[in-house]
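J.:
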Amino acid sequence: MALHLNLDRDSRVYLSLSCDDCATRFACYDDACYSFPSLRTEAILAGWDVGIRPEHAACCPSCLRQSSVRAPQSPAVHRTTAQP
Numbered sequence: 342m343a344l345h346l347n348l349d350r351d352s353r354v355y356l357s358l359s360c361d362d363c364a365t366r367f368a369c370y371d372d373a374c375y376s377f378p379s380l381r382t383e384a385i386l387a388g389w390d391v392g393i394r395p396e397h398a399a400c401c402p403s404c405l406r407q408s409s410v411r412a413p414q415s416p417a418v419h420r421t422t423a424q425p
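Residue 407 in my numbering is what sits at position 66 of the sequence shown, and the numbering runs on without skipping anything.
Here you go:
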């Protein structure tokens, strides 16, 4: 899970994200940090890849660039046998 609950100085819960690959944190300090859809929108605008639900993975821009630079892996070969 990439979503974290934090307390601000007024003891209100605000949200932040962390990258599932490198644990880099993303937080915004305006009203967007109090709801997941708003935080997700801000993160996407900042270049993050964030799932549509809080339990989905999040990936920072740096890890996204690294994964796009890596050579694609060959797909696994799946063999099936026909049943008589």
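We treat Cβ as the ideally placed atom computed from N, Cα and C, and that holds for glycine.
#1: Go to Ser-379, then tell me how far its beta strand (DSSP E) extends in each direction, as first and last residue.
#2: When the cut-off is 7 Å and only beta carbons count, does Phe-377 lie next to chain C?
#3: Would you kindly work out how many angstroms separate the C-alpha atoms of Gln-344 and Asp-371, rounded to a whole number?
#4: Whole angstroms are fine: how far does the CA of Gln-407 sit from the CA of Asp-361?
#5: Would you decide whether Ala-384 is buried or exposed? Buried here means 16 or more other CB atoms lie within 10 Å of its CB.
#6: For the beta strand (DSSP E) holding His-397, just list the boundary residues, first then last.
#7: Enumerate in chain order the residues of its own chain whose CB-to-CB distance from Leu-346 is below 7 Å, with the five nearest sequence positions on each side excluded.
T.: Let's see:
#1: Careful: Ser-379 lies outside any beta strand (DSSP E), inside the alpha helix (DSSP H) at 377 to 386.
#2: Given the protein chain composition of this structure (a single chain), no chain C is represented.
#3: In the sequence as displayed, the identity of residue 344 is Leu instead of Gln. Cα-Cα distance, rounded: 17 Å.
#4: 14 Å
#5: buried
#6: Per DSSP, His-397 belongs to no beta strand (DSSP E) and is neither H nor E.
#7: Val-354, Leu-356
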